[in-house]
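In the UniProt record's numbering, the protein residues as written are 1 to 69.
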Amino acid sequence: PVGPRGRDACGRCLRVTNTATNAGVTVRIVDQCSNGGLDLDWAVFNQIDTNGDGYRRGNLNVNYQFVNC
1 PVGPRGRDAC GRCLRVTNTA TNAGVTVRIV DQCSNGGLDL DWAVFNQIDT NGDGYRRGNL
61 NVNYQFVNC
């Protein structure tokens with residue numbers, strides 16, 4: 001994600017939106033992937049993968065922004 005990284009991002013929240021369906025969810029950052037990507041819990045992934053394309057491809061195209069928790 002663009003924005004704070006590492007310790008500065010830990011505990012902050014993101015609004016993550018599936019670009020194909022506009023389904024969105026607010027999540028809390030609990031750690032950081034080494035590649036800088038978003039690794040969503042399966043339950044959260046399923047909430048925004050409303051058309052099943054993410055499951056079939058193994059990833060979702062998303063937009064995100066930092067929001068207040």
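Ideal placement from N, C-alpha and C gives every residue a C-beta, glycine not left out.
message = Rounded to the nearest angstrom, what separates residue 47 and residue 23 at their Cα positions?
response = Residue numbering aside, residue 47 sits at position 47 when the sequence shown is read from its first letter. Residue numbering aside, residue 23 sits at position 23 when the sequence shown is read from its first letter. Here the alpha carbons of residue 23 and residue 47 stand approximately 8 Å from one another.
N-terminal and C-terminal residue of the alpha helix (DSSP H) that residue 71 is part of = Residue 71 lies beyond the residue range present for the chain, which begins at 1 and ends at 69; the question has no answer from this structure.
8 Å Cβ cutoff met for residue 26 and residue 50 = Stepping through the sequence shown from its first residue, residue 26 is reached at position 26. Stepping through the sequence shown from its first residue, residue 50 is reached at position 50. No.
message = By the DSSP assignment, the alpha helix (DSSP H) with residue 54 in it spans what residues?
response = Numbered from its first residue, the sequence shown carries residue 54 at position 54. Residues 53-57.
query = Can residue 43 and residue 29 be called in contact, C-beta distance under 8 Å?
reply = To locate residue 43, count along the sequence shown from 1; it is residue 43. To locate residue 29, count along the sequence shown from 1; it is residue 29. Not in contact: residue 43 and residue 29 (Cβ atoms no closer than 8 Å).
message = I need the DSSP call for residue 15, collapsed to helix, strand or coil.
response = The residue given as residue 15 occupies position 15 in the sequence shown. The answer is strand: DSSP assigns residue 15 an E or B state.
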